[in-house]
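Worksheet for the structure shown next.
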Amino acid sequence: MECTDRILSCGYTGPVSVEKKEDILRSIVLYSTVRLLPMLQQICSGMKLYGLLSLVQKEKDTCRQLFVLGSFSKVDADFLVKSLSPVFSEKGTMRHQRECRVVNFLQDFIQDMEDEGKFVVIVNKKESTRITIEFDHDCQVRFGTHSICYPIVNACSCSVTFPVAHLTTQEEFRRVIAQTITYGYDFGRS
Numbered sequence: 074m075e076c077t078d079r080i081l082s083c084g085y086t087g088p089v090s091v092e093k094k095e096d097i098l099r100s101i102v103l104y105s106t107v108r109l110l111p112m113l114q115q116i117c118s119g120m121k122l123y124g125l126l127s128l129v130q131k132e133k134d135t136c137r138q139l140f141v142l143g144s145f146s147k148v149d150a151d152f153l154v155k156s157l158s159p160v161f162s163e164k165g166t167m168r169h170q171r172e173c174r175v176v177n178f179l180q181d182f183i184q185d186m187e188d189e190g191k192f193v194v195i196v197n198k199k200e201s202t203r204i205t206i207e208f209d210h211d212c213q214v215r216f217g218t219h220s221i222c223y224p225i226v227n228a229c230s231c232s233v234t235f236p237v238a239h240l241t242t243q244e245e246f247r248r249v250i251a252q253t254i255t256y257g258y259d260f261g262r263s
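Numbering-wise (the working numbering), the sequence shown opens with residue 74 and increments by one.
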């Protein structure tokens, strides 16, 4: 009974009672469909204008996640850490040891962000998520003496390259990441 005004605003004209539940639901569905259909048609027209409608029609399963509520989920630090796929140098080398240290710094950083409530990542958990972690050991050779390099993100290949020479301690790692996030419009070299 508390929803009588809403039911009547949907165009239902009969008596509002539990016995008339099916008729009320039909009116609400019809009302919603009549209101929603022009909006959906307008969206389709806009998508057609940019050539997206044919793509959505061809790639229904891939594009469904963009339109269906619940396709994307908020993930936790554990999920993200498990998604990391480091490309390590040969085991036993100094390069491998430095790379392991950087990955540990990254894992700690991700966990700390979650603990501090600063961690929000939205992904499609149904698809496998893999973030390739690569390492740059030679920036000093390529660029000469310099004080800092930032991680380089390649969104297309879902990879991050960390400048190993500039990430020797947890504090240095945090400082570089903080500077990158605060001052950089993108991840790159300075």
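Ideal placement from N, C-alpha and C gives every residue a C-beta, glycine not left out.
Nearest residue (CA-CA) to residue i, options the options
{"i": "residue 167", "options": "90, 238, 93 and 248", "result": "238"}
{"i": "residue 140", "options": "186, 210, 162 and 126", "result": "126"}
{"i": "residue 91", "options": "216, 149, 76 and 102", "result": "76"}
{"i": "residue 226", "options": "205, 214, 80 and 122", "result": "205"}
{"i": "residue 246", "options": "82, 228 and 224", "result": "224"}
{"i": "residue 235", "options": "160, 134, 112 and 102", "result": "160"}
{"i": "residue 202", "options": "155, 208, 183 and 217", "result": "155"}
{"i": "residue 188", "options": "151, 103 and 78", "result": "151"}
Limits of the beta strand (DSSP E) - the one that residue i falls within
{"i": "residue 206", "result": "204 to 209"}
{"i": "residue 159", "result": "157 to 159"}
Segment limits, alpha helix (DSSP H) that includes residue i
{"i": "residue 225", "result": "Looking at the DSSP string, residue 225 is not in any alpha helix (DSSP H); the run it does join, the beta strand (DSSP E), is 225 to 227."}
{"i": "residue 140", "result": "133 to 140"}
{"i": "residue 236", "result": "Per DSSP, residue 236 belongs to no alpha helix (DSSP H); it is in the beta strand (DSSP E), 232 to 236."}
{"i": "residue 169", "result": "167 to 188"}
{"i": "residue 117", "result": "94 to 122"}
{"i": "residue 212", "result": "212 to 216"}
{"i": "residue 245", "result": "243 to 256"}
Reduced DSSP category for residue i - H, G, I as helix; E, B as strand; rest coil
{"i": "residue 222", "result": "strand"}
{"i": "residue 83", "result": "coil"}
{"i": "residue 149", "result": "coil"}
{"i": "residue 89", "result": "coil"}
{"i": "residue 162", "result": "coil"}
{"i": "residue 240", "result": "coil"}
Residues of its chain near residue i, where Cβ-Cβ distance is below 8 angstroms and the 5 sequence neighbours each way are ignored
{"i": "residue 96", "result": "85 and 87"}
Whole-angstrom distance between residue j and residue i, CA atom to CA atom
{"i": "residue 210", "j": "residue 175", "result": "12 angstroms"}
{"i": "residue 266", "j": "residue 163", "result": "Because the chain spans 74 through 263 in this model, residue 266 falls outside it and cannot be assessed."}
{"i": "residue 149", "j": "residue 138", "result": "20 angstroms"}
{"i": "residue 276", "j": "residue 112", "result": "The first residue shown for the chain is 74 and the last is 263, placing residue 276 beyond what the model contains."}
{"i": "residue 89", "j": "residue 99", "result": "13 angstroms"}
{"i": "residue 232", "j": "residue 179", "result": "14 angstroms"}
{"i": "residue 170", "j": "residue 252", "result": "25 angstroms"}
{"i": "residue 121", "j": "residue 250", "result": "41 angstroms"}
{"i": "residue 108", "j": "residue 118", "result": "17 angstroms"}
{"i": "residue 215", "j": "residue 182", "result": "28 angstroms"}
{"i": "residue 221", "j": "residue 142", "result": "42 angstroms"}
{"i": "residue 128", "j": "residue 116", "result": "14 angstroms"}
{"i": "residue 50", "j": "residue 106", "result": "With the chain covering 74 to 263 only, the question about residue 50 has no answer from this structure."}
{"i": "residue 29", "j": "residue 177", "result": "Since the first and last residues shown for the chain are 74 and 263, residue 29 lies out of range."}
6 angstroms CB neighbourhood of residue i in its chain, flanking five on each side removed
{"i": "residue 262", "result": "Residue placement at residue 262 is poorly supported in this model, since its pLDDT is 48, which falls under 50; the coordinates still yield a value, given next. Counting only Cβ-Cβ distances below 6 angstroms, and skipping sequence neighbours, we find 222."}
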